[in-house]
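Working notes for the structure below.
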Amino acid sequence: MLVLLLVTVLARLPFLFDAVINWDESTFLLMGEDLLRGRLPYVHAWDNKPPLVFIPYAAALAIFGDNVVGARILGIAAVFAGALLVRRAARRVIGRRGADWAAVLLVLFSGAPPGSFAAMSEHIALPFFCLALDRMLAGGSSRRSFFATGVLLGLMVLVRTNLAYAALGFLLAVRILSPAGASARAISLAAGALVPPLITAAVYAAAGRLDLFVRSVVVAPLAYAESGWLSGVETLSRMARFGLRAEVLPLVLAALAGAFLLVRDARRGRTSARGLVALALLLALTALSTAGSGRYFGHYAIQFLPFAAIAAGRACAPLS
Numbered sequence: 005m006l007v008l009l010l011v012t013v014l015a016r017l018p019f020l021f022d023a024v025i026n027w028d029e030s031t032f033l034l035m036g037e038d039l040l041r042g043r044l045p046y047v048h049a050w051d052n053k054p055p056l057v058f059i060p061y062a063a064a065l066a067i068f069g070d071n072v073v074g075a076r077i078l079g080i081a082a083v084f085a086g087a088l089l090v091r092r093a094a095r096r097v098i099g100r101r102g103a104d105w106a107a108v109l110l111v112l113f114s115g116a117p118p119g120s121f122a123a124m125s126e127h128i129a130l131p132f133f134c135l136a137l138d139r140m141l142a143g144g145s146s147r148r149s150f151f152a153t154g155v156l157l158g159l160m161v162l163v164r165t166n167l168a169y170a171a172l173g174f175l176l177a178v179r180i181l182s183p184a185g186a187s188a189r190a191i192s193l194a195a196g197a198l199v200p201p202l203i204t205a206a207v208y209a210a211a212g213r214l215d216l217f218v219r220s221v222v223v224a225p226l227a228y229a230e231s232g233w234l235s236g237v238e239t240l241s242r243m244a245r246f247g248l249r250a251e252v253l254p255l256v257l258a259a260l261a262g263a264f265l266l267v268r269d270a271r272r273g274r275t276s277a278r279g280l281v282a283l284a285l286l287l288a289l290t291a292l293s294t295a296g297s298g299r300y301f302g303h304y305a306i307q308f309l310p311f312a313a314i315a316a317g318r319a320c321a322p323l324s
């Protein structure tokens with residue numbers, strides 16, 4: 005754990021004091037500052053991002069003061085937490101050695117997309133996604149466990165709206181991984197996922213601003229993505245071209261090799277075929293969410309890191 009923390013800090017330390025890396029981060033800080041003044045998101049200042057993403061930035065400002073360093077430390081913490089949790093999830097598919105590689109690869113490539121050494125919403129969503137992934141692959145039978153996983157997914161969507169597609173993927177994955185009793189577990193998962201948005205909506209309703217919540221969290225993202233499906237192919241094409249760039253090509257090649265090895269492992273009974281199908285489903289829905297985002301920005305690639313890291317970790321496992 006300490007080695008992974010050191011790698012995370014060293015990988016992102018050179019950018020700790022840069023004034024502006026990505027304007028999204030700057031906007032999140034402004035919205036976080038508004039929160040510290042006791043204002044609900046969207047009431048005084050508005051951004052087309054879900055409301056919970058601003059809370060970590062407000063916390064960073066409260067702890068580290070009115071500067072960008074707190075946001076960068078937040079980014080380090082989010083990437084480190086995501087790496088720990090992807091290692092935990094990966095162990096269920098590729099074993100301990102491969103999982104260690106997956107964690108390191110996620111850290112090293114978390115800043116590869118343009119502007120991603122800033123603390124982005126994708127980084128903040130990583131721990132929620134990876135913990136939910138671990139819970140899914142663990143295959144527990146408890147309804148309480150599925151409900152808790154659903155709460156994680158609800159929080160994730162309120163940090164990164166387009167990951168609602170991935171949340172749907174988790175719901176479908178329940179039927180793949182646990183066919184027996186799948187309906188009850190899926191209901192528990194869906195019920196848990198509704199808790200965070202319902203609580204958030206209740207806060208806005210208590211303030212007499214429920215209409216603002218609906219317009220900002222539901223209507224605005226749909227309008228933003230309205231033209232996304234028309235440009236979806238172009239978005240994925242640009243993402244694929246990004247995968248050919250020198251700084252990420254090693255990860256892409258390792259992930260492709262690892263995917264081949266994972267399919268072979270499943271055929272030989274060394275890993276769960278159902279688990280691989282569930283991962284493939286989540287990957288496809290994450291790609292779908294990117295295609296329908298309405299715009300393309302390089303940092304969207306961060307959402308694919310858990311999948312790439314797990315597959316590449318399998319390819320790198322024999323090296324350790």
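Numbering-wise, the sequence shown is residues 5 to 324 according to the working numbering.
A virtual CB, placed ideally from N, CA and C, is assigned to each residue, including glycine.
Whether residue i touches residue j by CB criterion (8 Å)
i	j	result
residue 309	residue 114	yes
residue 316	residue 255	yes
residue 220	residue 46	yes
residue 293	residue 162	no
residue 133	residue 170	yes
residue 193	residue 56	no
residue 62	residue 128	no
residue 265	residue 319	yes
residue 16	residue 59	no
residue 282	residue 181	yes
residue 52	residue 124	no
residue 211	residue 40	no
residue 307	residue 29	no
residue 99	residue 321	yes
residue 172	residue 135	no
residue 101	residue 20	no
residue 138	residue 205	no
residue 154	residue 185	no
Option in the options with minimal Cα separation from residue i
i	options	result
residue 108	264, 87, 142 and 185	87
residue 91	131, 199 and 218	131
residue 54	27, 76 and 224	224
residue 251	117, 160 and 101	117
residue 238	299, 197, 228 and 190	299
residue 8	99, 35 and 111	111
residue 84	11, 34 and 262	11
residue 285	174, 75 and 122	174
residue 157	66, 199, 185 and 69	199
residue 278	244, 301, 179 and 249	179
residue 311	274, 291, 203 and 301	291
residue 262	31, 67, 42 and 106	106
residue 296	228, 34, 65 and 31	228
Coarse secondary structure for residue i, derived from DSSP in three states
i	result
residue 275	coil
residue 37	helix
residue 251	coil
residue 48	coil
residue 91	helix
residue 69	coil
residue 160	helix
residue 224	helix
residue 151	helix
residue 300	coil
residue 20	coil
residue 25	coil
residue 32	helix
residue 131	helix
residue 79	helix
residue 174	helix
Burial state of residue i (16 or more Cβ within 10 Å)
i	result
residue 5	exposed
residue 78	buried
residue 148	exposed
residue 95	buried
residue 324	exposed
residue 36	buried
residue 268	exposed
residue 18	exposed
residue 303	buried
residue 245	exposed
residue 38	buried
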